[in-house]
Each structure stands twice: as C-alpha cells, then as structure tokens.
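Protein sequence lines, in the order shown, are assigned to chains E and X.
Quick note: the first sequence uses the working numbering, first residue 110, plus one each step.
Quick note: the second sequence uses the working numbering, first residue 110, plus one each step.
These notes are about the structure you will find just below.
2 protein chains.
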Amino acid sequence: MPYDLLIQDLLKFKSAKKIGTDKGLAKIGDAVVNLAYSVAKSMYLTKINSHNQVIRTGEKVNRKILSIALKNAKMKDIAKSRADAHDLADSVEALIAYIWLNDKMTLNEIIDVLTNNLTGNIYERAQEIQAATNAFTNLLNHVKKFITEN
Amino acid sequence: MPYDLLIQDLLKFKSAKKIGTDKGLAKIGDAVVNLAYSVAKSMYLTKINSHNQVIRTGEKVNRKILSIALKNAKMKDIAKSRADAHDLADSVEALIAYIWLNDKMTLNEIIDVLTNNLTGNIYERAQEIQAATNAFTNLLNHVKKFITEN
C-alpha cells in the first residue's frame with residue numbers, strides 16, 4: 110500500500126490496543142467505513158431490486174452498530190478501558206483503517222464482505238440495524254487474524 | 110470495476126448532466142471525497158513534518174471548496190440550473206463517484222492527485238482552503254476528459 114507511511118509508527122509497536130485507541134486513525138477509518146457501507150448497501154439494494162432499478166445511496170454508519178459489532182466479535186480489548194459506545198465505534202473505525210492502510214484487505218474486499226453479509230429488508234430501520242450489525246461483526250471476525258494482541 | 114452495476118443506467122445515457130445531478134451518486138461521492146482528502150491531507154502533513162512524525166487526520170471537505178473548484182474547472186454545466194454552492198458541491202461529489210465506479214481513476218490515483226497538489230501551511234485555515242480548492246480544481250481538470258457533454 111502506498112500509504113503505509115501513515116502507519117509506520119504503529120507497525121513498529123504491533124499493538125492492537127495502540128491501533129484501537131488511535132484517534133487520527135479512527136478519523137480515516139470513519140471515512141473508510143462510510144464509503145464501504147454506502148457501496149455495500151447500494152450493491153445489495155440494487156441486486157435485490159425486483160424492477161431492475163439501480164439504487165445508489167450513502168449512509169453514515171450508526172456508531173451503536175459498530176460498537177455492538179465489536180462486542181459481538183469479542184474484540185472489546187482493543188478499545189480503551191471503560192470505553193463507551195462512542196469509543197468502541199472509534200476502535201472499529203481505527204482498526205478498519207489500519208487493515209486497509211496495511212494492505213491486509215483492499216477496499217473492494219471490505220465492501221464485498223459487507224455486501225455478502227447484508228440480508229433481509231433493510232428498508233426497514235430495525236432490519237437494517239440488525240443486518241448491518243451482523244455484516245460488521247463478520248468483517249471484524251475476518252480481520253481479527255491480522256492484528257496481534259498485546 | 111466490480112461496482113459498475115451501480116452506474117449501468119448512467120452508462121447508457123452518457124450524459125454529464127445526469128451524472129452531475131444524481132443525488133444518490135453524490136452521497137457515495139461524499140464518502141469518496143472525504144476518504145480521499147483525509148488520506149491526502151495525512152500524507153501531505155506527514156511528508157512535510159520536520160520531526161518525522163506521522164500525522165493521521167480525517168477531514169470532511171467543506172462544500173464551499175468543492176463548489177469553487179467546480180467553477181474554477183469551468184464545469185458548472187454539469188450541475189442543475191440555478192445551482193447554489195450546495196448543489197455545485199453535490200455535482201463534484203457525484204462526478205468523482207462516477208469516475209471511481211467507472212474505473213477511470215482508482216481511489217489511490219484520486220488520493221495522489223490531491224496529495225501532490227497540496228501546498229503551503231495547511232494548518233492555517235485560510236491556507237488550507239486555498240490549497241484544497243486548488244487540489245480539487247486540478248482533480249476536476251484531470252477527470253474532465255472522462256465525461257462527455259450533452
């Protein structure tokens with residue numbers, strides 16, 4: 110990845126907690142997450158559309174969804190101690206940015222994992238929350254192997 | 110691009126105005142623009158940092174910057190008539206999403222054009238606005254050739 114300059118300090122420490130608590134990384138990750146989910150949601154809605162319509166949409170992912178996904182994936186330990194939902198969501202975003210900048214997953218791969226894990230009628234808010242939480246949980250389970258714990 | 114499904118309707122029309130006025134495309138483009146600028150700004154600040162520090166940051170790009178860039182690039186005609194700054198920024202976002210989904214530029218290429226066109230001390234707000242406007246103007250001049258006019 111041409112941007113591994115941006116994680117050279119983190120590559121030295123190889124600490125999952127340093128990654129999960131890095132605020133700058135979380136900011137980059139916020140943009141990665143929003144782009145990946147926007148494309149995944151658009152792809153899913155377009156594929157299931159019975160009138161062959163193209164659906165394009167952009168969605169800021171709810172922080173609650175990300176925080177629950179981190180708990181589901183049993184990765185709360187990468188967040189700071191006594192983390193609230195906001196901190197947990199930041200950790201998810203930071204981790205996804207790291208995985209992307211470190212070339213462990215391309216953006217296309219991240220999008221595909223999310224797309225393939227969306228199910229149901231996500232036009233209904235409750236169903237979308239359920240589906241998105243499940244999709245991000247699966248993504249986190251998938252990236253778990255790329256970070257070391259200490 | 111595996112996501113050209115999302116622009117199959119627009120590919121049929123080949124109309125720059127249809128692209129520039131598509132609200133769903135603008136939503137996806139909002140995420141592309143924010144991610145590209147976040148990485149570009151982080152790369153630029155890290156490269157010029159005299160203490161060899163890594164700077165990671167995420168920045169939502171001001172809509173005013175995008176609207177001025179569209180005017181500078183003389184591409185206002187892709188926006189709707191009587192467009193305000195908000196509409197013009199939407200058109201920039203829609204266009205960048207289209208270029209990316211249509212595989213005319215990769216995300217890395219978009220990031221690199223922005224990074225290479227940032228100059229000056231962008232820690233100062235006025236200088237950042239100037240630099241970012243210039244960088245997006247250059248990006249638009251670069252993508253102009255990929256869209257047909259009608």
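Each residue gets a CB set at the ideal place from its N, CA and C atoms; glycine is no exception.
Quick caveat, the model's predicted, so the values are computed rather than measured.
Listed in chain order, the alpha helix (DSSP H) runs fully inside the stretch 158-245 of chain E are 172-181, 194-210 and 216-226, counting runs of at least 4 residues.
With distances taken between CA atoms, V201(E) lies nearest to G133(E) out of G133(E), E233(E), K121(E) and N161(E). Taking all protein chains shown into account, F245(E) has 16 or more neighbouring C-beta atoms within 10 Å of its C-beta and is therefore buried.
Using a 10 angstroms sphere on the CB of R165(E), the tally of other CB atoms reaches 16 or more, which defines it as buried.
Between the stretch 195-210 of chain X and the stretch 138-153 of chain X there are three or more inter-stretch CB-CB distances shorter than 8 Å, so the stretches are counted as touching. Just measuring C-alpha positions, the residue of K253(E), W209(E) and N250(E) sitting nearest L115(E) is W209(E). Relative to A145(X), the option among E218(X), G229(X), N247(X) and I238(X) whose CA is nearest is E218(X). Annotation for F122(X): the continuous alpha helix (DSSP H) segment containing it runs Q117 to F122. If you draw a straight line from the Cα of K126(E) to the Cα of A192(X), it is about 47 Å long. When C-alpha distances from K213(X) are compared across L249(X), S151(X), I157(X) and N143(X), the shortest belongs to L249(X). Taking C-alpha positions only, E237(X) is separated from D221(X) by approximately 17 Å.
Against chain E, the beta carbon of V141(X) has neighbours under 7 Å at L144, listed in chain order. Counting only Cβ-Cβ distances below 7 Å, Q117(E) has contacts in chain X at V163, in chain order.
Counting the other Cβ atoms within 10 Å of the Cβ of D131(E) gives 16 or more, which makes it buried.
D118(X) and V148(E) do not touch by the CB rule: their CB atoms are close to 16 Å apart, not below 8 Å.
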